[in-house]
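Numbering (full-length UniProt numbering) for the sequence shown: 1 to 220.
By construction, the Cβ of each residue, glycine as well, lies at the ideal position given by its N, Cα and C atoms.
Below is one structure, written out as structure tokens, with a few remarks after it.
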Amino acid sequence: MRLEDVIGPVMIGPSSSHTAGAARLGRLAALIWGRPVREVTIFLRGSFAATWWGHGTDLAILAGLLGFLPDDPRIPNAREEAKKKGIHWTFKEEHPDGAHPNSARFLFKDEDTSMEVVGASIGGGAVRLLEIDGFKLELSGELPALVTFHRDTPGVVASITGLLASKGLNIATLTLHRQGRGKGAAMVVELDENPQTEIMDAISRCHSEIFRVLPLKLGE
């Protein structure tokens with residue numbers, strides 16, 4: 001058990017879920033987007049939608065999108081910092097059935113592509129990404145990772161794990177989420193080190209049923 005699991009995260013207040021968690025969620029969403037944030041719409045759900053103004057959830061999410069950590073003293077000025085970076089953002093509220101009580105949906109856009117990410121603050125400042133472009137998954141952001149999107153076909157997982165082993169990369173955790181037998185699937189592979197571009201390129205070519213690979217690089 002970590003110390004912060006007992007006393008909570010070091011953060012700019014007032015709430016570990018609505019501020020520390022929100023900042024980490026924004027940061028994780030931006031990292032998986034993998035591009036400079038230019039335009040983003042954030043749809044707040046559950047208690048995020050109910051209390052975001054009073055708890056500063058919007059400031060925390062914006063700060064996370066800028067790459068700030070939960071204890072960054074610039075969080076109260078996140079709007080001004082985002083304007084300096086030329087980010088166009090909008091906050092909206094939505095109430096889908098079955099949504100996590102502290103969650104948000106991010107819609108990122110730039111000139112040639114877009115990405116939709118759903119994530120949640122799960123308490124004590126911890127977060128999870130729960131969906132990427134409609135694919136359900138679970139990504140903690142606590143370790144470097146790669147996310148593959150592929151068709152549920154025999155041999156895909158073996159091809160990926162075999163390639164990682166051949167490159168000397170150690171797998172910390174692996175979770176697979178499929179939409180049904182023979183349908184689309186997403187796999188999250190947490191690693192002990194950041195996946196480099198050549199690894200991502202090799203994985204994208206290692207099996208014909210892999211159609212997308214996303215890296216999560218930490219500390220760069």
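For ARG205, the enclosing alpha helix (DSSP H) stretches over residues 197 to 205. For LYS217, same chain residues with a beta-carbon under 8 angstroms away, outside a window of 5 residues either side, are LEU31, PRO144, ASN194, PRO195 in chain order. The residue among MET115, GLY155, ARG45 with its C-alpha nearest the C-alpha of ALA29 is MET115.
Setting aside the 5 residues that flank it on each side, ILE160 is surrounded in the same chain by THR148, MET187, VAL189, ILE203, CYS206, HIS207, ILE210, each with a C-beta closer than 8 angstroms to its C-beta; the list follows chain order.
The distance from the Cβ of LEU65 to that of GLY26 is about 4 angstroms, consistent with a contact at the 8 angstroms cut-off. Three or more Cβ pairs closer than 8 angstroms define a contact, and the segment 35 to 51 meets that threshold against the segment 86 to 104. Contact between PRO76 and ALA23 is ruled out by a C-beta separation of about 12 angstroms, above the 8 angstroms threshold. Classified as buried, SER103 has 16 or more neighbouring CB atoms from the shown chains inside 10 Å of its CB. Sixteen is the threshold: when 16 or more other Cβ atoms of the shown chains lie within 10 Å of the Cβ of ASP72, as they do, the residue is buried. A direct Cα-to-Cα measurement between GLU80 and GLY56 gives close to 14 angstroms. In the three-state reduction of the DSSP assignment, VAL37 falls in the coil class. Per DSSP, SER114 is one residue of the beta strand (DSSP E) stretching across 114 to 123.
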